[in-house]
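Heads up, the sequence shown is in this note's numbering, so the first residue is 2 and it goes up one at a time.
Glycine included, every Cβ here is placed at the ideal spot set by N, Cα and C.
To start, the structure itself, in C-alpha cells.
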Amino acid sequence: MTEEKQRSKEIRMQTENLKFKIENLKFAGSPSVFAKASSDRSARFSKWISIFGFLILFFCGCEGQKRSCPPMRTKEEISQVLKGYLTGPQPLRASGNCKISYTNDKGETFAQGFVVRIWYLNNQKYCLYGDVMFDAKGMSFAVNNGEFWVYAKQFDVYTAGEIDEAGDDYLYGPAVFLDFLQPFSAGCRKVYMAEAEGGFDILMCRDDEICGMKKIFMDRCNRKVRKIEYLNCPGNLVLEVEADEYKNVKGVKGLLFPHRLSYKYFKGGQCTDQREIKLNSVQLWNAEAKQVEALFTPPDVNNLKNKAE
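Shown next as C-alpha cells:
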C-alpha cells in the first residue's frame, strides 16, 4: 500500500511537471516559434517581391532606360525637327485650373486660383478666359493676328496694342503664352545646337533685330518642347516656360498636348511671379464664325480706371 501511494505521488508530480512545461511553452516558447514563422513568411514575401520587381524591370524597363534616346548630332536632324514645328496643331479648346502667385514691391506674396478656358485657332489667334470673382470673363487675354488685349476686371485693368517682338514688354504679354507650340516662328532666325543636358537636346535661338535669346529644351525621345528659357541682352533669365505631362488629344492620333504649363518670371535672379495651369480637358475645336467673333471681341472697358491702349 505504501508503494502504491508512493507511485501515485510520483505520477502526480510528473503530471504537474508536464503541465508546468506546457504552460511555459505557451508563454515562453511560442513567441520564438511565431517569430521564426513570421521571419520565414517575411523572407518568402521579400523573395516574391524581388522576383516580381525583376520581372517588371525585365519586361518594361525602368523609367531611365525607357527614356534613353540618342541626342541630335547632325544639321539634318535639327532641320527635321524644325520642319515639324512649321505648322501648329489643329484648332483646340481646353479647360483647367490656373494658380497665380506674385510678389509686390514690398516683398509680400499673394496667390489666387481660378478656372480657365483656352481657345486656340492658330499661333496668331488664341485666347484665354478666367472665371474670377464669380465672373466667367473676369480675366481674359487674346492674341489676334499681330494685336493683343489683356483684361482683369478685379484690378480694373485693361491694355491693348500691337505685338512687338523687340519691345521691352514682349515677354510679359500674352504673345509668348503658347510659344512652345511653334517655338521657332518668333525670334529664331538663327538656330544652333547647344550642349545636351540630361535627357534634353538644347537649341538656341537668336534674332539680330531682337536683343535677347531663347533656350529651347527638347525631349530627345518625342522631340516635344519641355522648357523654354527667355534671356535678355545681358544673358539674364527673364522668363521660364515649362510644358509637361503631354497626353494624346482625344480623337486625334499622334497629337500630343501638355496638360501642365508653368510660367516663371525672374528679376535679379529671383522668381517674382509664377503662373501654373493644369488642364483636365483638351479636345478639337470646331470653330464657328460667330463663336470666334465673340471670343476675340475685346470687353467693354469704358468704365475702367486703369485703361491703356
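{"query": "Which same chain residues, not among the five before or five after Q315, have their C-beta less than 6 angstroms away from its C-beta?", "result": "Given that the chain is displayed from residue 2 to residue 310, the structure contains no residue 315 and the question cannot be resolved."}
{"query": "Excluding the five sequence neighbours on either side, which residues of its own chain have a C-beta within less than 6 angstroms of the C-beta of C70, listed in chain order?", "result": "R221, C222"}
{"query": "Are at least three pairs of beta-carbons, each pair with one atom in the region 291-303 and one in the region 266-280, less than 8 angstroms apart?", "result": "no"}
{"query": "Whose C-beta lies closer than 7 angstroms to the C-beta of D132 among residues of the same chain, with five residues either side of it excluded?", "result": "F115, V116, G139"}
{"query": "Is DSSP giving L280 helix, strand or coil here?", "result": "strand"}
{"query": "Cutting at 8 angstroms between CB atoms, please list the residues of its own chain near P184, excluding the five before and the five after it.", "result": "Y86, C206, K215, I217, V226, I229"}
{"query": "Return the chain-ordered list of same chain residues with a C-beta closer than 6 angstroms to the C-beta of S141, the five sequence neighbours on each side being excluded.", "result": "Y130, Y152"}
{"query": "Using the Cα positions of L280 and N98, report the straight-line distance between them to the nearest angstrom.", "result": "6 angstroms"}
{"query": "Tell me which same chain residues have a C-beta within less than 8 angstroms of the C-beta of E198, skipping the five on either side of it?", "result": "F218"}
{"query": "If you follow the beta strand (DSSP E) that L262 is part of, which residue opens it and which one closes it?", "result": "257-268"}
{"query": "If you reduce the DSSP assignment to three classes, tell me which class L87 lands in.", "result": "coil"}
{"query": "Please list, in chain order, all residues of the same chain as G62 whose beta carbon is under 7 angstroms from its beta carbon, the five residues on each side excluded.", "result": "Note on G62: pLDDT 42, under 50, position unreliable in the model; the coordinate value appears next. Excluding sequence neighbours, G62 sits near nothing in its chain."}
{"query": "Could you say which of K265, W286, A95, C234 lies nearest to I211 if we only look at CA atoms?", "result": "C234"}
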